[in-house]
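J.:
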Amino acid sequence: MNKPSLRVSKTLIPSALTLIVSLAILFPIVWLVLSSFKETGELFSYPLAMFPSRFTFIHYQKVIGEGFFGYVFNSLFLAVVGTAITLVISAMCGYALAIYRQEVSYTNLVFGIFLLGTLIPGETLTVPQVTVISELGLYNNIWGVILPVVTTTTGIFMFRQHYLSIPLSFVEAARIDGSNEAQTFLYVMLPLGTSSTVTLAIFSFMWRWNDYILPLLVLSDQKKYTIQIAIKNYIGFNGVDWSSILSASVMSIIPIIILFIILQRYIVGGLSASGVKG
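Its first residue numbered 1, the sequence shown is counted upward by one per residue in UniProt numbering.
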């Protein structure tokens, strides 16, 4: 085999595999969107059809008429406020663990303890979390869903690794110029971590937007339900309203898709920056 043919085969095979995997990932999403426009009886017709015989918006109208946008607001409040608090805490912790590593000898020990926390399955903490939430009087309160998960080891790790890649001379120069620690953090280091900030914001927003277990256990008032809990209500003793579930699911993923499209260029930069130094 000559060199041009070998070069083509080396690029063709990975490209073909990437295309196959991409189609496998996209197929369920495309099916979800198209099926949300089908009549209920058509969902279970045989043979199954990819495209609806007639596009209908009746299921979207039903979901919207049942207060869907109220659930959207609850999810937005939960995701936006929770993400904002997470960014503040993660950035400050990452700054302290990275910048004070030479001044404070036990920063690596503290960071190691943070990492050990990731070995504990989140499900094992559910009962203690709900117990504490109830004792604090936050049961059936949206803040009872926000506050228990505002700290994340992933966020602290990302900011710490990014700040480790920034020379300490930046901090020293700011201190010589008279900046205190708050000014150094806000005006020097934080702007340099934009990619990590945006990346964590996207992931944090997605985690909270898609969260199901904690809102289900904490929120009992239907008016305070998030989107995921509202979708669960279409599963009842009398059966499953698949058409409404599909329509609500499509509307629930739209904000995530929009957010990803707008900010996708920061994701690769943020993940790359978080792995520069150890």
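Here a beta-carbon is modelled for each residue, glycine too, at the ideal position from N, C-alpha and C.
With THR199 and MET251 assumed to form a contact (beta carbons below 8 Å), what rounded beta-carbon distance in angstroms separates them?
T.: Position 199 of the sequence shown holds residue 199. Position 251 of the sequence shown holds residue 251. Contact flag wrong, Cβ pair sits at about 25 Å.
J.: For VAL240, write down the residues that DSSP places opposite it in a beta bridge.
T.: Indexing the sequence shown from 1 puts residue 240 at position 240. Note: VAL240 sits in a beta bridge opposite ILE235.
J.: According to DSSP, is LEU138 part of a helix, a strand, or is it coil?
T.: As a first step, residue 138 is located in the sequence shown; it is residue number 138 there, counting from the start. In the structure shown, LEU138 sits in coil (DSSP, three-state: anything other than H, G, I, E or B).
J.: Identify which residue in TRP209, GLN264, SER244 and ALA96 has its Cα closest to the Cα of PRO255.
T.: Taking the sequence shown and counting its residues from 1, the one referred to as residue 255 is at position 255. It is TRP209.
J.: List the whole-angstrom C-beta distance separating LEU87 from ALA201, where the pair is believed to meet the contact cut-off of C-beta under 8 Å.
T.: By 1-based counting over the sequence shown, the position of residue 87 is 87. By 1-based counting over the sequence shown, the position of residue 201 is 201. Rounded, the Cβ-Cβ distance is 6 Å, consistent with contact.
J.: Taking DSSP as the reference, what is the three-state secondary structure of PRO95?
T.: Numbered from its first residue, the sequence shown carries residue 95 at position 95. Here the sequence assigns Tyr to residue 95, which means Pro is not the residue at that position. Correct three-state label for TYR95: helix.
J.: In the region 108-159, which residue ranges form an unbroken alpha helix (DSSP H) of at least 4 residues, counting only runs that do not cross its ends?
T.: Taken in chain order, the whole alpha helix (DSSP H) runs of length 4 or more contained in the region 108-159 are 126-135 and 143-146.
J.: Hey, out of LEU26, GLY41, ILE25 and PHE68, whose CA is closest to ALA248's CA?
T.: Locating residue 248 in the sequence shown gives position 248, counting from the first residue. Out of LEU26, GLY41, ILE25 and PHE68, PHE68 has the C-alpha closest to the C-alpha of ALA248.
J.: What are the boundary residues of the alpha helix (DSSP H) that includes ILE202?
T.: For this step, residue 202 is matched to residue 202 along the sequence shown. Unbroken alpha helix (DSSP H) run through ILE202: 194-210.
J.: Hey, is the region 239-248 in contact with the region 34-46, meaning 3+ C-beta pairs nearer than 8 Å?
T.: Yes, the region 239-248 is in contact with the region 34-46.
J.: Let me know if TYR95 comes out buried or exposed under the rule of 16 or more other beta-carbons within 10 Å of its beta-carbon.
T.: Here residue 95 refers to the residue found at position 95 when the sequence shown is read from its first residue. In summary, TYR95 is buried, with 16 or more beta-carbon neighbours lying within 10 Å of its beta-carbon over all protein chains present.
J.: From PHE27 to LEU259, what does the alpha carbon distance come to, in whole angstroms?
T.: Taking the first residue of the sequence shown as 1, we reach residue 27 at position 27. Taking the first residue of the sequence shown as 1, we reach residue 259 at position 259. Going from the Cα of PHE27 to the Cα of LEU259 covers about 21 Å.
J.: Using CA coordinates, which residue listed in TYR163, TYR106, SER35 and ARG160 is at the minimum distance from THR56?
T.: Within the sequence shown, the letter at position 56 stands for residue 56. Ranking TYR163, TYR106, SER35 and ARG160 by Cα distance to THR56 puts SER35 first.
J.: The alpha helix (DSSP H) with LYS224 in it runs from where to where?
T.: For the purposes of this step, residue 224 is taken as residue 224 along the sequence shown, with counting starting at 1. No alpha helix (DSSP H) contains LYS224, which DSSP labels as neither H nor E.
J.: Under a Cβ-count criterion, where at least 16 other Cβ atoms within 10 Å of its own Cβ denotes burial, should LYS277 be classed as buried or exposed?
T.: On the sequence shown, position 277 is the one that residue 277 refers to. Confidence in LYS277 is poor, its pLDDT being 46 and thus under 50, which makes the residue's placement unreliable; the coordinate value appears in the next sentence. Looking at its Cβ environment, which holds fewer than 16 other Cβ atoms inside 10 Å, LYS277 is exposed.
J.: Leaving out the 5 sequence neighbours to the left and right, which residues in its chain are closer than 6 Å to PRO215 when beta-carbon positions are compared?
T.: Within the sequence shown, the letter at position 215 stands for residue 215. Correct list, in chain order: VAL145, THR226 and ILE229.
J.: In whole angstroms, give me the CA-to-CA distance for GLY275 and GLY178.
T.: In the sequence shown, the residue the question calls residue 275 occupies position 275. In the sequence shown, the residue the question calls residue 178 occupies position 178. Any answer about GLY275 is weak, because its pLDDT of 49 lies below 50 and its placement is not dependable; what the coordinates show is given next. The alpha-carbon atoms of GLY275 and GLY178 are separated by roughly 31 Å.
J.: Just the Cα atoms here: how many angstroms apart are ASN108 and TYR212?
T.: Taking the first residue of the sequence shown as position 1, residue 108 is located at position 108. Taking the first residue of the sequence shown as position 1, residue 212 is located at position 212. Rounded to whole angstroms, ASN108 to TYR212 spans 34 Å at the Cα level.
J.: I need the straight-line Cα distance from SER165 to ILE235, nearest angstrom please.
T.: For this step, residue 165 is matched to residue 165 along the sequence shown. For this step, residue 235 is matched to residue 235 along the sequence shown. Cα-Cα distance, rounded: 49 Å.
J.: So the candidates are ILE262, MET92 and ALA24; which of them puts its Cα closest to the Cα of PHE185?
T.: For the purposes of this step, residue 185 is identified with residue 185 of the sequence shown, where counting begins at 1. Looking at the Cα atoms, MET92 is the closest of the given residues.
J.: I want to check one thing, is the minimum distance from the CB of GLY236 to the heavy atoms of the ligand FMN below 6 Å?
T.: Absent from the structure shown: the ligand FMN. Ligands present: none.
J.: Sort TYR60, PHE114 and PHE73 by Cα distance to THR154 and report the nearest one.
T.: What you label residue 154 is simply residue 154 of the sequence shown in a count that begins at 1. Closest in alpha carbon position to THR154, among TYR60, PHE114 and PHE73, is PHE114.
J.: Between which residues of its own chain and SER75 is the CB-CB distance below 7 Å, once the five residues before and five after are set aside?
T.: Walking along the sequence shown from the start, residue 75 turns up at place 75. For SER75, where only same-chain residues beyond five positions count, the Cβ hits under 7 Å are TRP209, THR226 and ILE227.
J.: Would the beta-carbon of ARG160 fall within 7 Å of that of LEU97?
T.: Residue 160 sits at position 160 when you count from the first residue of the sequence shown. Residue 97 sits at position 97 when you count from the first residue of the sequence shown. Closer than 7 Å, so yes.
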